[in-house]
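There are 2 protein chains.
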Amino acid sequence: MALAGKHHRVVILGAGFGGLSAAKTLAKAPVDVTVIDRRNYHLFQPLLYQVATAGLSPSDVAAPIRAILRGQSNARVLLGRVQAVDRQNRIVLLSDGRRVPFDSLIVATGARHAYFGHDEWEPVAPGLKKIEDAIDIRRRILLAFEKAEMATDDATRQRLLTFAVIGAGPTGVELVGAIAELARMAVAADFRDIDPRQARILLVEAADRALTSFPERLSAKAKTQLEDLGVELLLGAKVTRCDDAGIEIEDGAGRRFIPAATVLWAAGVQASPAAKWLGVDGDRAGRVPVTPQLHLPDDPNLFVIGDTALVRGADGKPLPGVAPVAKQEGEYVARRIRSTLAGKSIKPFAYRNYGNLATIGRKAAVADFGWIRLSGTIAWLLWGIVHIFFLIGFRNRIFVLLSWLWAYFSFHRGSRLITGGDN
Amino acid sequence: MALAGKHHRVVILGAGFGGLSAAKTLAKAPVDVTVIDRRNYHLFQPLLYQVATAGLSPSDVAAPIRAILRGQSNARVLLGRVQAVDRQNRIVLLSDGRRVPFDSLIVATGARHAYFGHDEWEPVAPGLKKIEDAIDIRRRILLAFEKAEMATDDATRQRLLTFAVIGAGPTGVELVGAIAELARMAVAADFRDIDPRQARILLVEAADRALTSFPERLSAKAKTQLEDLGVELLLGAKVTRCDDAGIEIEDGAGRRFIPAATVLWAAGVQASPAAKWLGVDGDRAGRVPVTPQLHLPDDPNLFVIGDTALVRGADGKPLPGVAPVAKQEGEYVARRIRSTLAGKSIKPFAYRNYGNLATIGRKAAVADFGWIRLSGTIAWLLWGIVHIFFLIGFRNRIFVLLSWLWAYFSFHRGSRLITGGDN
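Line order of the protein sequences matches chains W and L. Numbering of the first sequence is given in full-length UniProt numbering, commencing with residue 1 and proceeding in unit increments. Numbering of the second sequence is given in full-length UniProt numbering, commencing with residue 1 and proceeding in unit increments.
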C-alpha cells in the first residue's frame, strides 16, 4: 500500500458476483481497490438451495473474500456495513463510524426477498438469500419430519408433512424439487411411524406457468418433471394469507386454505437500500436506474450493478437478477474505469446471454440457449458442469462435486443437521 | 414395530459414543430400543476443535442418528429433551410432556464444560462441546483478525491479536495448536495492515505441565512442539479473572493481567444433570457413581455410562471422559442386558485402554500406548488414521480425509466463514 493516496481510489460495495468481478478486472489497473462487505465471504448463491435442503455444507458454497483477493496487491478488503454515501465529499460511511473515501464507487449490494407489502409473512415463510436463511430453512424442513414422527393425530401429521414453496421461478423450482427428493429418497427409510414419501409438496405460482423466464415449451417440460417427482403445481394461484397454520390461496376455483407447517418464499426480491444511500429514486423493486454506461445519470464515477441496478437489455426489458448479468456488469465498469483513466472511451454495456439453466432434481433440468433448448438428463448434466465450473475456489469445486456424486449414488444427504434454535 | 410392548424396552438417553454403541450392540437382541437425544445428530466430538478453527464443516463431524440406526429394525429414534425420570413407574418424562416407558434405562447424556463456580466467565470464555459452540468460537477467532485489521491503535490491535486457551488437556492443546496454525499459515497473507503471524497465542494451565493424563516425557515433547508453533505455555498459572478486556492470572511471579480479545475455556467439565433426574448424589463433577456392573446400586436395570458416570478403573482412579471409555461401557451394558434376558450373568466391566493420543498441529502429536510412546510426525499420522477410522459414516470419512489433505498441501482452511451474530 506504499502508493495509497496517489492512485485513483475505487471502492466496491458488496463482494457478490458483480463486486468481485469488478475487483478482479481491476487487478492490473493503476488504482487502489477497496472491497467492503458485511460478510467475510463471497456466497455462491445459485447453490444455496442445496444447503437449505441438506445436500451441501455452508462452506461448500462460500469462500472468504480475503482468500479470493489474496494475490491481488492493489486490493484490500474491509468487513463493514454501509450506513450512507456522502456523494458530495466522496465518502462511504460505515455503521461503526469508519469513513472510506473514494474517487469511483461501484455499488453491488444485491437484493433481498420481498413480500409485496406483507412483511408479516416473513417469519412464517422465510426466503433464501443468506447462509443463515439456508440453515433456518434446513432446520424447518428436517424438524417438520421429526415432529410428524411424534404427532399423535392425523391432521397434525398431515400439516407437518405439507411443504409449500411460493413462487415458481428458478429458485422456487430448485427448492421444491430438492425437498421432494429429500422426502422421497434421502429420509424415506429413517422414520418408523411416518412415511416421508407421503409428504405433500406444493409449488404455488400466481402466473399460469412455472419458469416464466423460459420458453413455454420448457415450462411444460419442467411441469412434467416436477410432477414426476411428486410435486403438486398450483398455477394461477395467488397467496392471500400466510400463517403458522398454513397458506390461503385464491385461484380460478375460489379461495381455500391449505394447512402446511413449512412455507418457503421464493416469489420476489427487493434491491438493497442503495437508492436511499445515493439519494435517488429506485423502481418498484428498489433498483437504481442507471445509464447504458451503468453509472448514475449525473455522476459518471458512481456505478450501480447487479441486482441493485435497473439496466435494460436490447429488447428494452430489465435484465434479470442473475449471476451472469452481475458478472458482466462488474467487468464492464472495471474496464470503463481503466479506459477513462487511460483517456479512452468504451462502448455502452451490452449483456451477452449465454443461456438460462434451471435444475429440478436428479436427471431433471431445463436449459435454454436460444438456438437449442434442452431438458431432462442432458440439461441436468450441463447444469452440474456449469455450476461446478463457476464455483469459486478449488476446494469448493472438488467438495461440491464429491457431495453430488455421493448423493447421486447413495441417495443420501450429508448435511442433515438441525442446528440453532432452542433444542 | 409389530412386537412393540411384548419385548423388553430399553430406553437410551443420549446418542453420543456410549449411547450409540449400546444401541448397536442391542441390534440382534429381543428388545425394543428407543434412543432419545435433543439433537438429530451424533457428534464426533474429538474433531469438533477443527470446526472451531475453520478446518472442517459441521456436517463433517456429525451424522444424523436416524441414518446411523436406519437399518436396525428394533431401534427407534426420538428427538426430545429429558425433563425427569420417574423411577417408580419406569417412565422417562420429556420436556414437551411425552412419556416414554422403559424396562431398562441407559443414561448416556455426556457432560458440559464447567467454570468451577465462575459461571459469569462463560460468555467471555466459551467452551467447546456443541456444534453451536464451535461456530461461535470460529466466529470469535476470525472476527478478532478482522477487527485487528481495522484497529487504529497498537494496544487495541495487540489485544485483538492475543488468543488465550485455558486448560492444557487434550482439547486445549489441540485447540491452541490449531489456532496457532491458522494465524501462522492459513490467514497469514490475507491482511494488509496486520501480520497475523504476530498474534500472541497463550495456553494457560494450573498444573505444572500440559497433558497431565500423559507420561511426563510426552508432556515435555508436547511443550516443545507447541513452542515450535509459537504458542506460549503459562504453566502453574491459575486464572483469577476473565472479562471482555482479557484474563488475570496468578502464578509463582504473582498476579498479572493479560489483555486478550479471544479467550477459550478447556479447563473442566460437569456431567449432565443425570444425578438430579435419578434422585441420586453425584460427585463434585456431577457424575453418577455406579457399581462395577455400571448400574445404580439399588437398581440393576438403570445404567449410567460415559461422561455422566463415575466408574473406577483397576487402579481405583475414575476412568477419563473419553470416547473409548464411553463406547466400551455402552457395549458392556448392552451385553449385560442381553445376558440377563437370557438368564446368564457376565463379569463386571473392565476398561481396556488401547492408548492415548493428542494432536498438536502439522506433524506434531503425542501417543502413549503404555508399551511404546511416540511423538512428532509418526504420532500425528497415527492420530489421523485412528480418527478417520472411527468417524461414523462413509461420507464423513472421505470428506474429512480430503479436507485434511487439502489443508495439508495448500496450508489453507476451507471453512473460514463468519456466520451468525449481527453482521
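For every residue, glycine included, the Cβ atom is placed at its ideal position computed from N, Cα and C. Every value quoted in this text rests on a predicted model; they were computed, and no experiment measured them.
- Where SER21/W is concerned, the enclosing alpha helix (DSSP H) starts and stops at 17-25.
- Burial state of ARG395/L is buried, judged by a 10 Å Cβ sphere holding 16 or more other Cβ atoms.
- Remark: C-beta atoms of VAL263/L and VAL124/L approach each other more closely than 8 Å.
- Within the same chain, and ignoring the five residues on either side of ALA75/L in sequence, the residues whose Cβ sits closer than 6 Å to its Cβ are ALA23, VAL33 and LEU69.
- Annotation: VAL85/W to GLY279/W spans about 9 Å, alpha carbon to alpha carbon.
- Contact between the segment 140-158 of chain L and the segment 240-255 of chain L is absent: fewer than 3 CB-CB pairs across the two stretches fall below 8 Å.
- Looking at the backbone, the Cα of GLY127/L and that of ALA15/L are separated by about 20 Å.
- In the structure shown, GLU331/W falls within a helical segment according to DSSP collapsed to helix, strand and coil.
- Annotated as distal: ALA210/L and ALA237/L, with beta-carbon spacing of 8 Å or more.
- ILE418/L belongs to the set of residues whose beta carbon lies under 8 Å from a beta carbon in chain W.
- Approximately 18 Å separates the beta-carbon atoms of VAL322/W and VAL107/W; this is outside 8 Å, ruling out the contact.
- Exclusion of the five residues before and after LEU43/L leaves GLY16, VAL61, ALA62, LYS130 and ILE131 as the residues of its chain whose Cβ lies within less than 8 Å of its Cβ.
- With fewer than 16 neighbouring CB atoms inside 10 Å of its own CB, LEU405/L falls in the exposed class.
- Residues of chain L with a Cβ closer than 7 Å to the Cβ of PRO64/W are, in chain order, ARG416.
- Contacts between PHE399/L and chain W, judged by CB atoms closer than 9 Å, involve SER57, PHE399, LEU402, SER403, TRP406 and GLY414 in chain order.
- The C-beta distance from THR171/W to ALA260/W rounds to 18 Å, too long to fall under 8 Å, and the pair is not in contact.
- TYR41/L has a beta carbon lying within less than 8 Å of a beta carbon in chain W.
- In the three-state DSSP reduction, ILE392/W falls in the coil class, being neither helix nor strand.
- By the Cβ test, the segment 251-259 of chain L is not in contact with the segment 271-288 of chain L, since fewer than three Cβ pairs between them sit closer than 8 Å.
- For PRO64/W, the secondary structure class from DSSP, reduced to helix, strand or coil, is strand.
- The beta carbon of ARG159/L lies closer than 8 Å to those of ALA245, GLY246, PRO259, ALA260 and ALA261 in the same chain, with the five residues before and after it left out.
- In the structure shown, ILE179/L falls within a helical segment according to DSSP collapsed to helix, strand and coil.
- For ALA84/W, the enclosing beta strand (DSSP E) starts and ends at 82-86.
- Assignment of TYR49/W by DSSP, reduced to helix, strand and coil, places it in the helix class.
- Distance from the CA atom of PRO46/L to the CA atom of VAL231/L, rounded to whole angstroms, is 21 Å.
- Within chain L, the C-beta atoms nearer than 7 Å to that of ASP190/W come from ARG66, ALA67 and ARG70, in chain order.
- For LEU93/W, the closest C-alpha among the options LEU13/W, ASP281/W and LEU26/W is that of LEU13/W.
- With 16 or more other Cβ atoms from the protein chains shown falling within 10 Å of its own Cβ, ILE137/W counts as buried.
- Neighbours of LEU79/L in chain W, taken as residues at a C-beta separation under 9 Å, are given in chain order as LEU143, GLU146, LYS147, GLU149, MET150, ILE418 and ASN423.
- Distance from the CA of ARG87/W to the CA of THR419/W, rounded to the nearest whole angstrom, comes to 43 Å.
- When the beta-carbon positions are compared, VAL269/L and ARG112/L come within less than 8 Å of each other.
- Between the beta-carbon of VAL204/L and that of VAL239/L there is about 6 Å, and that keeps the pair under the 8 Å contact cut.
- For LEU160/W, the enclosing alpha helix (DSSP H) starts and ends at 154-160.
- Under the 8 Å Cβ criterion, the segment 365-377 of chain L does not count as touching the segment 367-383 of chain W, having fewer than three qualifying pairs.
- For ASP368/L, the number of other beta carbons within 10 angstroms of its own is at least 16, and it is reported as buried.
- The criterion of a C-beta distance shorter than 8 Å is not satisfied by GLY80/W and ARG99/W.
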